[in-house]
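Asks:
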Amino acid sequence: MPDGAVIGGSVGLLVAGGFLAHAARGRASTVFGPSVYHGDRARPAIALTFDDGPSESTVALLKILARHQVPATFFMCGKNVERLPGVARAVAAAGHEIGNHSDSHRRFEFRSPTFIYDELARGQKKIAAHTGVTPKLFRAPYGVRWFGLKSAQDRLGLLGVMWGIMGNDWKWPASRVAALLLDRARYGEIICLHDGRTTQVAPDVQSTLEAVDKIIPQLKQRGLHFETVSQILCPTKT
108 MPDGAVIGGS VGLLVAGGFL AHAARGRAST VFGPSVYHGD RARPAIALTF DDGPSESTVA
168 LLKILARHQV PATFFMCGKN VERLPGVARA VAAAGHEIGN HSDSHRRFEF RSPTFIYDEL
228 ARGQKKIAAH TGVTPKLFRA PYGVRWFGLK SAQDRLGLLG VMWGIMGNDW KWPASRVAAL
288 LLDRARYGEI ICLHDGRTTQ VAPDVQSTLE AVDKIIPQLK QRGLHFETVS QILCPTKT
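For the numbering used here, add 107 to where a residue sits in the sequence shown, where the first one is 1.
Shown next as structure tokens:
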């Protein structure tokens, strides 16, 4: 009987742990707050998103997007906006969408609701102060959500956004990143890439730049067009 109790307890812990892991990291999970990870699967539109910026390389990315006439959504960290306000303003001036990616890009798991709210609120405040844009979208650092996030999002009027494809551009060469995106891109996809590396100064994002420059014309040739996250979620009705 004791052995059975131990086994039953262990199984219970495993089940609870599995549920918590899915709730925190599962792209379709809404346990810790409203969250989306794709748009309309019937429309030939996709959204490029960039996390962890702005960085010193964001300007180069803006030039690539401008050359291809493609809009994107930038999930910015408050500390990076504070460090590079001119770059953040350039993103807004170019007509791209800006989302909140927290203030300092610290992980949320096992953090208090107060910590989580403060991270969102500081990010929101700094982005608004330096760009004039008050974000409506939020992406959790590392895609990890936790207790208290729903309340924080509700208080700040933020919708959580995950992704359908993670580009792994912080660790893979451009050729591999591009191959992955070209293989998996489909209608309604939200693609996650990075124009920064957490809050690092002058990060190397060359892989991202090269991959983006390569995939855009090829995806256009397939009949896909690019939209911001808000556009892909709520397309204009004609």
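Just so you know, even glycine gets a beta-carbon here, dropped at the ideal spot from N, CA and C.
What is the DSSP secondary structure of L263, counted as helix, strand or coil?
Replies: helix
Asks: Expressed to the nearest angstrom, what Euclidean distance is found between the alpha-carbon atoms of F245 and Q328?
Replies: 31 Å
Asks: Just to confirm, are V251 and R214 a CB contact at a threshold of 7 Å?
Replies: yes
Asks: By alpha-carbon positions, which one of G206, L289 and L168 ends up nearest to M269?
Replies: That would be G206, whose Cα lies nearest to the Cα of M269.
Asks: Among residues of its own chain, excluding the 5 on either side of T156, which ones have a beta-carbon nearer than 8 Å to its beta-carbon?
Replies: A179, T180, F181, F182, G206, R246, V268, W270, I297, I298, C299, L300 and V336
Asks: Taking G202 as the reference, give the member of D302, P310, P220 and G239 with the closest Cα.
Replies: G239
Asks: Do A318 and A285 count as a contact pair if the criterion is CB distance below 7 Å?
Replies: yes
Asks: So, for L121: in the same chain, excluding its five sequence neighbours on each side, which residues have a beta-carbon less than 8 Å away from its beta-carbon?
Replies: Because the pLDDT at L121 is just 42, under 50, the model does not fix this residue reliably, and the value given afterwards should be weighed accordingly. Once the five neighbours on either side are set aside, L121 has no close Cβ partner at all.
Asks: To the nearest angstrom, report how far apart E163 and L191 are at their CA atoms.
Replies: 8 Å
Asks: Compute the Euclidean distance between the alpha carbons of G264 and F222, then round it to the nearest angstrom.
Replies: 18 Å
Asks: Quick one: give me the first and last residue of the alpha helix (DSSP H) that A195 is part of.
Replies: It spans P192 to A200 - the alpha helix (DSSP H) in which A195 sits, taken as one unbroken run.
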